[in-house]
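Asker:
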Amino acid sequence: MVPLSALWLPVVVSAVLVFVASSVIHMALGYHNGDYGPLPREDDIIAALRPMHIPPGDYFLPYAGGMAAMKDPVFQDKWSKGPVATLTVMAPGGNFMGAQLAQWVLYAATIALFSGYVASRTLPLGANYLLVFRVVGATAFMGYALGLWQMVIWYKRSLSTTLKSTFDGLLY
Numbered sequence: 002m003v004p005l006s007a008l009w010l011p012v013v014v015s016a017v018l019v020f021v022a023s024s025v026i027h028m029a030l031g032y033h034n035g036d037y038g039p040l041p042r043e044d045d046i047i048a049a050l051r052p053m054h055i056p057p058g059d060y061f062l063p064y065a066g067g068m069a070a071m072k073d074p075v076f077q078d079k080w081s082k083g084p085v086a087t088l089t090v091m092a093p094g095g096n097f098m099g100a101q102l103a104q105w106v107l108y109a110a111t112i113a114l115f116s117g118y119v120a121s122r123t124l125p126l127g128a129n130y131l132l133v134f135r136v137v138g139a140t141a142f143m144g145y146a147l148g149l150w151q152m153v154i155w156y157k158r159s160l161s162t163t164l165k166s167t168f169d170g171l172l173y
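Heads up, the sequence shown is in the working numbering, so the first residue is 2 and it goes up one at a time.
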């Protein structure tokens, strides 16, 4: 068993490599450029929402609040007429990429740390490289990709976007 403290360098290197790979994927390759599209009459929607001062957060519309309310004919009418949507509202203002990139590096380091933890507890000291690669790779893939699929199941996220992000997880 390898002590987790001995894995700090592979964790840091892994996080940096994932950061570089994701930068190449998103800035050079551009296959995620079409993941989100514009809403029809975007300017009208922005003008309608702006005065509401919606706080940052995740929203669902129409919103029922519970199973009993979903049986209410008023809710069912709203649902059948649409639109039905999930909405994430972000704080307006300046560039937010710096904070997001820092969080992304921390996320990558966390996945590397947990992948290293699993390997350090399941593999013997001096284990074959391929065995280590398989355990760490499978664990990291689970961290980067498998959780995305619940968004397809429950919130109808685009299948193509999720498949592309799952492929990214395989690369990471």
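Note that the Cβ used here is the ideal one computed from N, Cα and C, for glycine as well.
Here the structure is a predicted model, which means the values were calculated and not measured.
Among Q151, Y156, T167, which one has its Cα closest to the Cα of A139?
Answerer: Comparing Cα-Cα distances from A139 to each of Q151, Y156, T167, the minimum goes to T167.
Asker: Between A146 and L171, which are expected to be in contact by the criterion C-beta below 8 Å, what is the C-beta distance as a whole number of angstroms?
Answerer: 7 Å
Asker: Buried or exposed for V137, going by 16 or more other Cβ atoms inside 10 Å?
Answerer: buried
Asker: What's the C-alpha gap between L126 and Y173?
Answerer: Taking the straight line from one Cα to the other gives about 25 Å.
Asker: Just tell me which of V85, W9, P52 has its CA closest to the CA of Y156.
Answerer: V85
Asker: Tell me whether A29 sits in a helix, a strand or coil according to DSSP, three-state version.
Answerer: helix
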